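Colleague:
Chains as they are written, first to last, in the numbering used here: chain R, 1 to 449; chain E, 1 to 108.
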């Protein structure tokens, strides 16, 4: 059956059907993104932290904006050339549009990747240290000689499963264990199954629902795991996510951070921040911070004598968010311009080549209130950033797929009914412009303002 | 939209021109965001005005809403009304209808 009104207008609407369809769809899209922009306003109005301004890499956002504008032009030129039956040019412009979509996504993926490897650590006094974790962050637990398992007869949230939750974190060779009855075993799925059923039988005989047993390691074990991979730890125990407890000694739970920024905007007295402690960044960087802050304050007062510096988001950022781009603090002679240049450096942390040019500090767990990479976990800004740009990115991919289809697989229609294909391209183009239109708002809201 | 060859050639010229205008206004948006206006809210307002202008160009020229069928205007009128309603929802977060005004102050 032929779909009616694909080329000519339907008398009552005055439009070909696909056009009414795409506009109804775009109306629903406006509501979808409208809801998310509304969330953005809610989150921003209610934010209890300094909303990031110029924190993302403006250059990349700017290039991506131009790429999308260019692609909006090329998709229209493709349509116009198809109308004129310049098939070669139609194909060329359509190809350019698809290439623009790919460029946009490649740039976006670089931006995302940089965020995943960049961390912010909130210290207990509210200072944020930003930077990279050169060795990751793992808890080391050693001299472990005994493992205690708890098994449940019925399905339970926490039930011993060493194969999935304990064994992967043991360092070195496959360990041997002694059971309570004195047998030497290698712990794996089948040996654990036997131990488990024996323990449950004993529990059943005693009228209990859960059983427990211990294994003693033939030689002391060392565990290494990310905090998210275990349930918790103390100085003498490590509890795995299946409830299994290891007895031993905590070797290392310190976090090594290559610091590329110190954000003291939420600290009542920035000069007293934990970050300037001798075990962390020390006096040299504290002096650099004070010089930079005073310079920014002086500059602001000279430029805007009547304004309140407390109310200027950019001034607060320049004065109280020190960007670090070298491994040692600047020497005393460089006062002034050197520090200014440092404070104004953009795209902190996104520059991977900067590795090794930052001071390394080893943070005590007691000083860490919270830490996260630059993902939705960090704050509501990154939550809405990833939601909005992620959804927009999906639209770019979907649009590119449709346009690629017109370019590669609509040859028969191009030969037999080019006017119908032109209408298809027009409808695809309308969607593509909508994607551009959303980005026109996303770019300033997320990157600039 | 344009159907005669002449009209399409005109449209091509217009499309290219608007493309350049959009690029220039992108540069302006970035530049303005670095200008220290009296309050940051003013930066946001100015930025959004420029963005709205760019969006209007895309909608009117690229999506040819400057001469479209009345049916589409009707669809979009509803959409705009509901979308605007979404944007003012945050006003409700300014007060808590469940407690009297001085509730929090009495805790101070």
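Ideal Cβ placement from N, Cα and C applies to all residues, glycine included.
Note that the structure is a prediction, hence the values are computed from the model and not measured.
1. Name the chain E residues whose beta carbon is nearer than 7 Å to that of residue 83 (chain R)?
2. Taking 8 Å as the threshold (beta carbon to beta carbon), is residue 24 (chain R) in contact with chain E?
3. Comparing alpha-carbon positions, which option in R:361, R:270, R:360 and R:368 lies nearest residue 322 (chain R)?
4. Round the Cβ separation of residue 184 (chain R) and residue 218 (chain R) to the nearest angstrom and send it over; I've been treating them as touching at under 8 Å.
5. Residues in its own chain within less than 7 Å of residue 247 (chain R) by CB, not counting five upstream and five downstream?
6. Is the CB of residue 77 (chain E) under 8 Å away from at least one CB in chain R?
7. Could you tell me the boundaries of the alpha helix (DSSP H) in which residue 440 (chain R) lies?
8. Applying the 10 Å Cβ sphere with the 16-neighbour rule, what's the burial state of residue 34 (chain E)?
9. Under 8 Å, do residue 76 (chain E) and residue 319 (chain R) count as touching if we go by C-beta distance?
10. Excluding five sequence neighbours on each side, which residues of the same chain lie with their C-beta closer than 6 Å to the C-beta of residue 296 (chain R)?
11. In or out: residue 119 (chain R) buried (at least 16 other Cβ within 10 Å) or exposed?
12. Could you please tell me which residues of the segment 4-17 of chain R, in chain order, have their CB closer than 7 Å to any CB of chain E?
13. Three or more C-beta pairs under 8 Å: does that hold for the segment 61-74 of chain R against the segment 376-390 of chain R?
14. Return yes when at least one heavy atom of the ligand GDP lies under 7 Å from the C-beta of residue 110 (chain R), else no.
15. Determine whether the beta carbon atoms of residue 255 (chain R) and residue 368 (chain R) lie at a separation below 8 Å.
16. Taking only runs of the alpha helix (DSSP H) that begin and end inside the segment 359-419 of chain R, which ones reach a length of at least 4 residues, in chain order?
17. Using a beta-carbon distance below 8 Å, is residue 307 (chain R) in contact with chain E?
18. Could you confirm whether any beta carbon from chain E is found closer than 8 Å to the beta carbon of residue 348 (chain R)?
19. Considering only the alpha carbon of each residue, which of R:279, R:169 and R:89 lies closest to residue 228 (chain R)?
20. Expressed to the nearest angstrom, what Euclidean distance is found between the alpha-carbon atoms of residue 201 (chain R) and residue 175 (chain R)?
21. Does the segment 148-157 of chain R come into contact with the segment 207-217 of chain R, if we say contact requires no fewer than three beta-carbon pairs (one atom in each stretch) closer than 8 Å?
22. Can you pull the chain C residues whose beta carbon is under 7 Å from the beta carbon of residue 395 (chain R), in chain order?
23. Name the chain E residues that come within less than 7 Å of residue 214 (chain R), Cβ to Cβ?
24. Using a Cβ-Cβ distance under 8 Å, would residue 67 (chain E) count as near chain R?
25. Of the residues that make up the segment 139-171 of chain R, which ones have a beta carbon closer than 8 Å to any beta carbon in chain E?
26. Measuring alpha carbon to alpha carbon, tell me which of R:231, R:98, R:438 and R:316 ends up nearest residue 244 (chain R).
27. Return the bridge partner residues of residue 323 (chain R) from the DSSP annotation.
28. In whole angstroms, give me the CA-to-CA distance for residue 399 (chain R) and residue 416 (chain R).
29. Are residue 122 (chain R) and residue 370 (chain R) close, meaning C-beta to C-beta below 8 Å?
30. Using a beta-carbon distance below 8 Å, is residue 65 (chain R) in contact with chain E?
31. Consult DSSP for residue 63 (chain E) and reduce its assignment to one of helix, strand or coil.
32. For a test of the three-state rule: what should DSSP assign to residue 301 (chain R), helix, strand or coil?
33. Between the alpha carbons of residue 43 (chain E) and residue 37 (chain E), how many angstroms are there, rounded?
34. What's the gap between the Cα of residue 277 (chain R) and the Cα of residue 283 (chain R)?
35. Grab me the residues of residue 414 (chain R)'s own chain with a C-beta within less than 6 Å of its C-beta, minus the 5 sequence neighbours each way, in chain order.
36. Comparing the C-beta of residue 398 (chain R) with each C-beta of chain E, is any distance below 8 Å?
Modeller: Let me spell this out:
1. Here the question's residue 83 (chain R) lines up with position 83 in the first chain. Chain-order list of chain E residues neighbouring residue 83 (chain R): 8, by C-beta distance under 7 Å.
2. Your numbering for residue 24 (chain R) matches position 24 in the first chain. Closer than 8 Å to some Cβ of chain E, the Cβ of residue 24 (chain R) qualifies, so yes.
3. Position 322 of the first chain holds residue 322 (chain R). The shortest Cα separation from residue 322 (chain R) among R:361, R:270, R:360 and R:368 belongs to R:270.
4. For the purposes of this step, residue 184 (chain R) is taken as residue 184 along the first chain, with counting starting at 1. For the purposes of this step, residue 218 (chain R) is taken as residue 218 along the first chain, with counting starting at 1. 7 Å between Cβ atoms; contact.
5. Here residue 247 (chain R) refers to the residue found at position 247 when the first chain is read from its first residue. The residues are 144, 145, 146, 236 and 237.
6. As a first step, residue 77 (chain E) must be located in the second chain, where it is residue number 77. Output row for residue 77 (chain E): interface = no.
7. Within the first chain, the letter at position 440 stands for residue 440 (chain R). Where residue 440 (chain R) is concerned, the enclosing alpha helix (DSSP H) stretches over 418-442.
8. In the second chain, residue 34 (chain E) corresponds to position 34, counting from 1. With fewer than 16 Cβ atoms within 10 Å of its Cβ, residue 34 (chain E) is classed as exposed.
9. Along the second chain, read from residue 1 onward, the residue named residue 76 (chain E) stands at position 76. Along the first chain, read from residue 1 onward, the residue named residue 319 (chain R) stands at position 319. No.
10. Taking the first chain and counting its residues from 1, one reaches residue 296 (chain R) at position 296. Answer for residue 296 (chain R): 318 and 319, listed in chain order.
11. The residue labelled residue 119 (chain R) in the question sits at position 119 within the first chain. Buried: at least 16 other Cβ atoms inside 10 Å.
12. 13, 14 and 15
13. no
14. This structure does not include the ligand GDP; it has no bound ligands of any sort.
15. Looking up residue 255 (chain R) in the first chain gives position 255. Looking up residue 368 (chain R) in the first chain gives position 368. Yes, the Cβ-Cβ distance between residue 255 (chain R) and residue 368 (chain R) is below 8 Å.
16. 380-408 and 411-416
17. Within the first chain, residue 307 (chain R) is the residue found at index 307, counting from 1. Cβ-Cβ to chain E under 8 Å: yes for residue 307 (chain R).
18. Within the first chain, numbered from 1, the residue matching residue 348 (chain R) stands at position 348. With a pLDDT of 42 at residue 348 (chain R), under the threshold of 50, the modelled position of this residue cannot be trusted, and the question is left open.
19. Your numbering for residue 228 (chain R) matches position 228 in the first chain. The shortest Cα separation from residue 228 (chain R) among R:279, R:169 and R:89 belongs to R:169.
20. Position 201 of the first chain holds residue 201 (chain R). Position 175 of the first chain holds residue 175 (chain R). Rounded to whole angstroms, residue 201 (chain R) to residue 175 (chain R) spans 26 Å at the Cα level.
21. yes
22. Within the model displayed, chain C is absent; protein chains R and E are what it includes.
23. Here residue 214 (chain R) refers to the residue found at position 214 when the first chain is read from its first residue. What residue 214 (chain R) touches in chain E: nothing, since even the nearest Cβ is about 52 Å away.
24. In the second chain, counting from the first residue as 1, residue 67 (chain E) sits at position 67. Closer than 8 Å: no.
25. none
26. To locate residue 244 (chain R), count along the first chain from 1; it is residue 244. It is R:231.
27. Sequence index remark: in the first chain, residue 323 (chain R) carries index 323 (1-based). DSSP lists R:261 as partners of residue 323 (chain R).
28. Residue mapping note: residue 399 (chain R) aligns to position 399 of the first chain, counting from 1. Residue mapping note: residue 416 (chain R) aligns to position 416 of the first chain, counting from 1. About 24 Å.
29. Locating residue 122 (chain R) in the first chain gives position 122, counting from the first residue. Locating residue 370 (chain R) in the first chain gives position 370, counting from the first residue. The Cβ atoms of residue 122 (chain R) and residue 370 (chain R) lie closer than 8 Å to each other.
30. Mapped onto the first chain, residue 65 (chain R) falls at position 65. Yes, contact with chain E.
31. The residue you call residue 63 (chain E) lines up with position 63 of the second chain. Residue state, collapsed to three classes: coil.
32. Here residue 301 (chain R) refers to the residue found at position 301 when the first chain is read from its first residue. In this structure, residue 301 (chain R) counts as helix in the three-state DSSP scheme.
33. Position 43 of the second chain holds residue 43 (chain E). Position 37 of the second chain holds residue 37 (chain E). Straight-line Cα distance between these residues: approximately 6 Å.
34. Taking the first chain and counting its residues from 1, the one referred to as residue 277 (chain R) is at position 277. Taking the first chain and counting its residues from 1, the one referred to as residue 283 (chain R) is at position 283. When rounded, the distance between both Cα atoms is 7 Å.
35. Your numbering for residue 414 (chain R) matches position 414 in the first chain. Hits under 6 Å: 421.
36. Numbered from 1 along the first chain, position 398 holds the residue referred to as residue 398 (chain R). With 8 Å as the cut-off, residue 398 (chain R) does not count as an interface residue toward chain E.
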